[in-house]
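Chains as they are written, first to last, in the working numbering: chain W, 1 to 201; chain E, 1001 to 1175.
This report refers to the structure that appears directly beneath it.
What follows is the structure, given as structure tokens:
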């Protein structure tokens, strides 16, 4: 039995300290998933906390044959999907009303070796986040699990309660959408940088 | 090779041989759609993992404690509500007896004695009526009817006893 399995066992027996160790260990993957799904740091923090709370409450139902990370990320993904759907249903105009100022702004990293490269990296990250926002909640979850957690199609299917063929088609569609949105963004950026330039030049 | 073939490679995120990679690179120079797909794949692969702000675990512990407190309050409210409902139900049941609480001890004693006397009179009356009815009906029923009734009673009780024994035997054999 490895350290993680021991923590899980102890947490299942009601040891809060063991569960705290699990939280410490998995806080970054869970937070990252929530951030990639919801796009806002505050919402991601809240969703990650809620996901851990749900995991804590349902720990007795966790099957130890299954990897804990998959189970935990599955809880977080389902929670974020529900949250996105609710947000779309209840206040569907929120995205349209959101100003650019509300977007998460990362402070420039003073320790970065090349500030210009850092700025480009930040721009790319914001671009990816914007492209993810253009995806359906389940497609977004599939893409996040695939690219950030290297989940196989079978694992994604198990995590999101989908069939493998559904995951495949969702990933195809999502990749095409992300490619289209990123291309549109880069052409917009080019136009912003050269507002009066003609393509011929 | 046709465009769709390369697109499938990109969409399926397949592992390619060096030769296939070379072919794909040539195709990407001429196909903007596939180039966009390849760029998207690279951008997604290069995206970093975002860490939560410092103190996440501490905030989780606080949230867990708050959740527990909320659950404790809810369960306490539930117990209080259950108790209150029980008290109301008990009050409703005891409502007809409430007037007795206002009576003095001698009044209660008189009431209980009069109740006992009433019950005794009732028992006596019922027994007297029963005896009279028995005497009257006994005169009307002939002797052979009594004998038949007794015989029927005997046969029925014997039959019931026999069937009970059979059932017990069957149960024992089944076990």
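Heads up, the beta-carbon is just placed ideally off N, CA and C, and yes, glycines get one too.
So the candidates are W:174, W:14 and W:43; which of them puts its Cα closest to the Cα of residue 1052 of chain E? Walking along the second chain from the start, residue 1052 of chain E turns up at place 52. Comparing Cα positions, the closest option is W:43.
Within the 8 Å Cβ cut-off, does residue 1099 of chain E reach chain W? Mapped onto the second chain, residue 1099 of chain E falls at position 99. So no, residue 1099 of chain E is outside the interface.
Roughly how many whole angstroms lie between the Cα atoms of residue 1029 of chain E and residue 1045 of chain E? Within the second chain, numbered from 1, the residue matching residue 1029 of chain E stands at position 29. Within the second chain, numbered from 1, the residue matching residue 1045 of chain E stands at position 45. Taking the straight line joining both Cα atoms gives about 21 Å.
Once DSSP output is grouped into helix, strand and coil, what is the label at residue 128 of chain W? To locate residue 128 of chain W, count along the first chain from 1; it is residue 128. Looking at residue 128 of chain W - three-state DSSP - the assignment turns out to be helix.
Can you check whether the C-beta of residue 1029 of chain E is within less than 8 Å of a C-beta belonging to chain W? By 1-based counting over the second chain, the position of residue 1029 of chain E is 29. No, no contact with chain W.
List the residues of chain E whose Cβ lies closer than 8 Å to the Cβ of residue 148 of chain W, in chain order. Residue numbering aside, residue 148 of chain W sits at position 148 when the first chain is read from its first letter. What residue 148 of chain W touches in chain E: 1047 and 1049.
Cα-Cα, which of W:35, W:36 and W:77 is closest to residue 54 of chain W? The residue given as residue 54 of chain W occupies position 54 in the first chain. Here the closest residue by C-alpha is W:77.
With respect to the alpha helix (DSSP H) encompassing residue 1060 of chain E, which residues constitute its N-terminal and C-terminal limits? Start at 1 with the first residue of the second chain, and residue 1060 of chain E comes out as number 60. Element bounds for residue 1060 of chain E: 1056-1094.
Pairwise C-alpha distance: residue 1150 of chain E and residue 1142 of chain E: The sequence position of residue 1142 of chain E within the second chain is 142, counting from 1. The sequence position of residue 1150 of chain E within the second chain is 150, counting from 1. Rounded to whole angstroms, residue 1142 of chain E to residue 1150 of chain E spans 13 Å at the Cα level.
If you measure from the beta carbon of residue 1066 of chain E to each beta carbon in chain W, is any gap under 8 Å? Here residue 1066 of chain E is taken as the residue at index 66 of the second chain, counted from 1. Against chain W, the CB of residue 1066 of chain E has no partner CB under 8 Å away; the residue lies outside that interface.
Where the alpha helix (DSSP H) containing residue 64 of chain W begins and where it ends: Taking the first chain and counting its residues from 1, one reaches residue 64 of chain W at position 64. Element bounds for residue 64 of chain W: n/a, residue is neither H nor E.
Is DSSP giving residue 1169 of chain E helix, strand or coil here? The residue given as residue 1169 of chain E occupies position 169 in the second chain. Per DSSP, reduced to three states, the secondary structure at residue 1169 of chain E is helical.
Using 8 Å as the limit for Cβ to Cβ distance, is residue 32 of chain W near chain E? Your numbering for residue 32 of chain W matches position 32 in the first chain. It does; some Cβ of chain E falls within 8 Å.
Cutoff 8 Å: residue 1053 of chain E Cβ touching any chain W Cβ: Reading the second chain from its first residue, position 53 is the one you call residue 1053 of chain E. Yes, residue 1053 of chain E lies at the interface with chain W (some Cβ there is under 8 Å from its Cβ).
Would DSSP call residue 200 of chain W helix, strand or coil? Translated into the one-based positions of the first chain, residue 200 of chain W becomes position 200. Because the pLDDT of residue 200 of chain W is 46, which lies under 50, any placement of that residue in the model is unreliable, and the question is left without a value.
DSSP three-state assignment for residue 41 of chain W, whether helix, strand or coil: For the purposes of this step, residue 41 of chain W is taken as residue 41 along the first chain, with counting starting at 1. Three-state DSSP puts residue 41 of chain W in a helix.
What residue from W:16, W:173, W:2 and W:147 has the CA that sits closest to residue 37 of chain W's CA? Residue numbering aside, residue 37 of chain W sits at position 37 when the first chain is read from its first letter. That would be W:147, whose Cα lies nearest to the Cα of residue 37 of chain W.
Name the chain W residues that come within less than 9 Å of residue 1061 of chain E, Cβ to Cβ? The residue given as residue 1061 of chain E occupies position 61 in the second chain. Residue 1061 of chain E reaches chain W at 16, 20 and 23, counting residues in chain order whose Cβ is nearer than 9 Å.
Cut-off 6 Å between Cβ atoms - residues of its own chain near residue 178 of chain W, not counting five sequence neighbours on either side: For the purposes of this step, residue 178 of chain W is taken as the residue at position 178 of the first chain. Only residues of its own chain outside the window of five on either side were considered, and among them 131 have a CB closer than 6 Å to the CB of residue 178 of chain W, listed in chain order.
How would you label residue 6 of chain W, buried or exposed, when you count the other beta carbons within 10 angstroms and need 16 or more for buried? The count along the first chain starts at 1 and reaches residue 6 of chain W at position 6. Residue environment: residue 6 of chain W is assigned as exposed (fewer than 16 neighbouring CB atoms within 10 Å of its CB, all protein chains considered).
Got a sec, what are the start and stop residues for the alpha helix (DSSP H) residue 1137 of chain E sits in? Within the second chain, numbered from 1, the residue matching residue 1137 of chain E stands at position 137. From DSSP, the alpha helix (DSSP H) with residue 1137 of chain E extends over 1105-1140.
Buried versus exposed, by CB contacts within 10 Å (16 or more), residue 127 of chain W: As a first step, residue 127 of chain W is located in the first chain; it is residue number 127 there, counting from the start. Per the 10 Å Cβ criterion, buried.
Between residue 202 of chain W and residue 135 of chain W, how many whole angstroms is the CB-CB distance? I'm expecting something under 8 Å. Lying before the first or after the last residue shown, residue 202 of chain W is absent from chain W, which here runs from 1 to 201.
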